[in-house]
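Beneath this line is the structure, given in structure tokens, with notes to follow.
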Amino acid sequence: MDQQKKVRMIVGIASIVAAVLFVVLLIVGIVYDGSTLAKVLLIIISVLVLALAAELAYLFMLFGDTKPNYFLFNSKSNRNISVQKLTFQTINVRMNRYLAAYAPSEGKIWTDRVFDNPYLEMDDAFKPLVAYKLLFDLAERDFDAGWKCFDMASDDTVEFLASALEMNNDNEMAKNIRQLKLSKPTNLKYVRDYLVGNRRYLQNKMYKYTVDNIDRF
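The sequence shown: position 206 = 206 (the working numbering), numbered continuously.
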């Protein structure tokens, strides 16, 4: 159970306890057969406890009103799932959807200079994920057209990916990607061997980066 859910559960229990205490104090105050002052004090305290219960109930609802997270939101339950339930498959599918907003196909993302625009509107939090995702897809699919896309991509496009990797302190892979692209003509066998050999690494980095930065999405 994540921290927010724990806090919400505690607040909910406290709200119920306060509501029950209000009822008890009110009944005691009404049936109390002692001094008038004590009777009045009991009723006043019960009203204050009721106000506390109402405030706690409001906080309980407030904690439940969470902003949909891009990777955690479940449209069927209309709420975010726990980050512990997040899988790589879900991240991969959501990134397919995310990239679809930038180009009609993955090939065109590489070849149409989508990332060369200095005014590109993309949240910085997504940039390392975009880099890992595009490189992972090349390795995962491992077909000639994909490797040709890397060859046809502009230097600026590959530099965008390398810079995005550096945003996650993945400096070694960023350097290697630059070197693979700067080699003219591009040695696609080296590109393939390097990325396919690092397919699992790219997958793990995608997952870990998303989990570690989940609050940014």
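Heads up, the beta-carbon is just placed ideally off N, CA and C, and yes, glycines get one too.
How about residue i and residue j: do their beta carbons lie closer than 8 Å?
i    : j    : result
I91  : Y102 : no
M167 : K127 : yes
A18  : L56  : yes
Y194 : N171 : no
D155 : R113 : no
F160 : N69  : no
L25  : S46  : yes
R178 : V196 : no
C149 : T186 : no
Hey, residue i and residue j are a contact pair by Cβ (cut 8 Å); roughly how many whole angstroms apart?
i    : j    : result
L42  : V28  : 6 Å
R192 : W147 : 6 Å
G107 : A145 : 7 Å
When DSSP builds the beta bridges, which residues end up paired with residue i?
i    : result
N117 : BP columns for N117 are empty, so no partner.
R79  : N74
Label residue i either buried or exposed according to how many other C-beta atoms from any shown protein chain fall within 10 Å of its C-beta, with 16 as the threshold for buried.
i    : result
R94  : buried
K6   : exposed
Y119 : exposed
T36  : exposed
L182 : exposed
A153 : buried
K205 : buried
D137 : buried
L48  : exposed
E143 : Correcting the residue type first, residue 143 is Phe in the shown sequence and not Glu. Exposed, by the Cβ-count rule.
S105 : exposed
T87  : exposed
S15  : buried
A38  : exposed
Y209 : buried
V11  : buried
Nearest to residue i by CA position, among the options, is which residue?
i    : options                : result
F202 : V211, D155 and L134    : Correcting the residue identity first, residue 202 is Leu in this sequence and not Phe. Closest option to L202, Cα to Cα, is L134.
A164 : D124, A38 and T111     : D124
L59  : S75, N69, V83 and M9   : M9
R200 : S105, D215 and E140    : E140
D215 : K67, Y190, V23 and I13 : K67
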